[in-house]
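Per my numbering, residue 42 is the first one in the sequence shown, and the count goes up by one each step. What follows is a single structure, written as structure tokens, with notes after it.
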Amino acid sequence: MVNFKLDDMQEGLRDLAHEFALDEIRPNAEQWDEKSEYPKAAIAAAHDLGILNLHIPEAYGGMGLGCMEEVLVNEELAWGDPGFATAAYATALACAPLITGATEEQKDIWLRRVAEQGHLASYAITEPGAGSDVAACKTTAISDGDDYVINGEKMWITGAGYSDFFFVLAKTDPAAGYRGMSGFIVERDAEGFSLGKKEVNMGQR
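Written out as structure tokens, the structure reads:
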């Protein structure tokens with residue numbers, strides 16, 4: 042039988058997120074929307090409060106919590122402003138494939154930077170001609186000695202203008218379809234990396 046009762050820690054976490062949404066998000070949401078302004082300072086404050094990226098394992102500086110705690114917090118942040126919740130959660134989305142598939146060395150570097158230093162990350166999958174159909178991605182990654190040369194274009198990448206690194210999906214074996222795809226960590230200052238124009242959206246900014 043499923044127990045839907047929250048424990049004391051979960052209730053406390055939810056209440057903390059609610060108070061943050063009430064005090065820091067709702068008073069600023071209209072301005073962020075009207076000015077199409079990225080809430081970087083508020084995201085940093087949420088990180089300092091300990092309500093972001095809850096799923097990062099303790100071994101890499103995180104809290105090691107689960108989906109339930111993430112949902113409880115993000116529900117409250119979205120009550121404050123859906124756009125803020127989307128922007129704030131983008132880093133968690135980018136960290137998920139690192140948690141499940143990165144090497145221990147990579148996890149210790151990148152997850153720790155997020156958990157301990159508040160670094161931001163983006164999940165760079167969508168392309169001009171590929172979104173839900175991930176296998177249609179055209180970005181390629183060609184082995185070059187100890188490195189890979191990545192060529193391609195991504196778009197609709199939440200928080201891209203402010204992220205410190207990106208999880209990028211690219212084809213390393215185009216003939217193998219989706220089985221020939223690999224994930225890469227790309228730093229913002231990587232050679233050849235550039236940002237495109239900011240897209241103007243309706244609804245969530």
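Glycine included, every Cβ here is placed at the ideal spot set by N, Cα and C. As the structure is a prediction and not an experimental result, all values here were calculated from the model.
Identify whether Ala231 lies in helix, strand or coil by the three-state DSSP scheme.
For the purposes of this step, residue 231 is taken as the residue at position 190 of the sequence shown. Reduced to three states, the DSSP call for Ala231 is coil.
How many Å lie between Asn94 and Thr132 at the Cα?
Position 53 of the sequence shown, counted from the first residue, corresponds to residue 94. Position 91 of the sequence shown, counted from the first residue, corresponds to residue 132. Their backbone Cα atoms lie some 7 Å apart in a straight line.
Using a Cβ-Cβ cut-off of 8 Å (strictly less than) and excluding sequence neighbours within five positions of Gly202, which residues of its own chain qualify?
Locating residue 202 in the sequence shown gives position 161, where the first residue counts as 1. Cβ neighbours of Gly202 beyond the five flanking positions: Tyr79, Leu236, Lys239.
Which of helix, strand or coil does DSSP assign to Met196?
Translated into the one-based positions of the sequence shown, residue 196 becomes position 155. Correct three-state label for Met196: coil.
What residue from Asn69, Phe225, Asp48, Leu210 has the CA that sits closest to Thr144's CA?
Reading the sequence shown from its first residue, position 103 is the one you call residue 144. It is Phe225.
Determine which residues share a DSSP beta bridge with Ser223 and list them.
One-based indexing of the sequence shown puts residue 223 at position 182. Paired residues: Ala211.
Using 8 Å as the Cβ pair cut-off and three pairs as the minimum, do the region 107–120 and the region 145–158 touch?
no
Pick from Lys148, Arg67, Asp122 that is closest to Ala100, judged by C-alpha positions
On the sequence shown, position 59 is the one that residue 100 refers to. For Ala100, the nearest C-alpha among the options comes from Lys148.
Does Tyr189 come out as helix, strand or coil in the three-state DSSP assignment?
The residue labelled residue 189 in the question sits at position 148 within the sequence shown. Three-state DSSP puts Tyr189 in a strand.
Whole-angstrom distance between Ala211 and Ile191, CA atom to CA atom:
Your numbering for residue 191 matches position 150 in the sequence shown. Your numbering for residue 211 matches position 170 in the sequence shown. The straight-line gap from Cα to Cα measures roughly 7 Å.
State the CB to CB distance for the pair Asp205 and Leu161, rounded to an integer number of angstroms; the pair is presumed to be in contact (CB under 8 Å).
Taking the first residue of the sequence shown as 1, we reach residue 205 at position 164. Taking the first residue of the sequence shown as 1, we reach residue 161 at position 120. With 8 Å as the limit, Asp205 and Leu161 qualify as a contact, their Cβ atoms being about 6 Å apart.
Measuring straight from C-alpha to C-alpha, what distance separates Ser77 and Gly186?
The residue labelled residue 77 in the question sits at position 36 within the sequence shown. The residue labelled residue 186 in the question sits at position 145 within the sequence shown. Rounded to whole angstroms, Ser77 to Gly186 spans 42 Å at the Cα level.
Give me the residue from Leu118, Thr127, Leu134, Asp188 with the minimum Cα distance to Arg67.
Along the sequence shown, read from residue 1 onward, the residue named residue 67 stands at position 26. Taking only the C-alpha atoms, the option nearest Arg67 is Leu118.
Measuring only the C-alpha atoms, how far is Ala231 from Thr167?
In the sequence shown, counting from the first residue as 1, residue 231 sits at position 190. In the sequence shown, counting from the first residue as 1, residue 167 sits at position 126. If you take the alpha carbons of Ala231 and Thr167, they lie about 20 Å apart.
Based on Cα-Cα distance, which residue from Ala126, Cys136, Gln72, Gly200 lies nearest to Ala62?
Taking the sequence shown and counting its residues from 1, one reaches residue 62 at position 21. Closest option to Ala62, Cα to Cα, is Ala126.
Would Met50 be called buried (16 or more neighbouring beta carbons within 10 Å of its own) or exposed?
Taking the first residue of the sequence shown as position 1, residue 50 is located at position 9. Exposed.
Residue range of the unbroken beta strand (DSSP E) whose run includes Tyr164:
Here the question's residue 164 lines up with position 123 in the sequence shown. Segment 162–165, the beta strand (DSSP E) holding Tyr164.
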